[in-house]
Structure formats: C-alpha cells, structure tokens
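Asker:
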Amino acid sequence: MEDGRLNTGSFLMVNRAEVLDATCSACGSGFAASPSGEKTLVATVGQTVGQNFFFCGACGDNIMGRVQSEDARAHYGWDWAVPLSN
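Sequence positions in the sequence shown follow the working numbering and run 1 to 86.
1. Are the beta-carbon atoms belonging to A17 and V82 less than 9 Å from one another?
2. For G46, is the classification buried or exposed, using 16 other Cβ atoms within 10 angstroms of its Cβ as the cut-off for buried?
3. Using the rule of at least 16 other Cβ atoms within 10 Å of the residue's Cβ for burial, across every protein chain shown, is M13 buried or exposed?
4. With burial defined as no fewer than 16 other Cβ atoms inside 10 Å of the residue's Cβ, what is the status of V42: buried or exposed?
5. List in chain order: all unbroken alpha helix (DSSP H) runs of 4+ residues lying wholly within the stretch 8-72.
6. Please return the same chain residues whose Cβ sits closer than 6 Å to the Cβ of N15, not counting the five positions on each side in sequence.
7. Grouping DSSP H, G and I as helix and E and B as strand, with all else coil, what is A81?
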C-alpha cells in the first residue's frame, strides 16, 4: 500500500458504470483505499471509444495542474473509484 491506496483489486468507476481491473497509468498504485472511494482522472485519447487512461487522484491533480490549453483539458474528466470487495 502506497499513500493509503490499494495496489491490487477491482474498482467500480461510478460515472462510467464499469469495473476496472487496473492501476494508475502514471504511478502504478491502486485508485482508492477507503470504502467510500476517491476521485480518479480519466484521459480520453484518440477517436476510438475505449481508449482511456486512468489516474489516481494525486497523479490526476498533478496532470491537471500542468495542462495548459483548454483544448487539451477537454480530453480529461474526473470520475469516482470505489474499491470492490472480493
């Protein structure tokens, strides 16, 4: 466990209504440790549906702090990740 986040497991992406079996695309940590969940950044890349990258809240804050244009910012959106119990 790093920074209170789980390293493995499945997470429900609330706004997307999908289950994600992955880790942060930047740091490799899990998305949430508490049962209530945590914010997660979703980056949509390309024109094809399903080309998404998911980032934990800390990495997402870092990324959004560096995005300089509104056109680029339009490819990012916040979601909420809730850990699922096995």
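We put the CB at the ideal spot given by N, CA and C, even for glycine.
Answerer: Per the coordinate set shown:
1. By one-based count along the sequence shown, residue 17 stands at place 17. By one-based count along the sequence shown, residue 82 stands at place 82. Result no, Cβ atoms of A17 and V82 do not sit closer than 9 Å.
2. Locating residue 46 in the sequence shown gives position 46, counting from the first residue. Counting the other Cβ atoms within 10 Å of the Cβ of G46 gives fewer than 16, which makes it exposed.
3. The residue given as residue 13 occupies position 13 in the sequence shown. Around the CB of M13, 16 or more other CB atoms lie within 10 Å, so the residue is classed as buried.
4. Position 42 of the sequence shown, counting from 1, holds the residue named residue 42. Result: buried.
5. Within the stretch 8-72, the complete alpha helix (DSSP H) runs of at least 4 residues are 57-66.
6. Numbered from its first residue, the sequence shown carries residue 15 at position 15. D79, listed in sequence order.
7. Translated into positions along the sequence shown, residue 81 becomes position 81. A81: strand per DSSP, three-state reduction.
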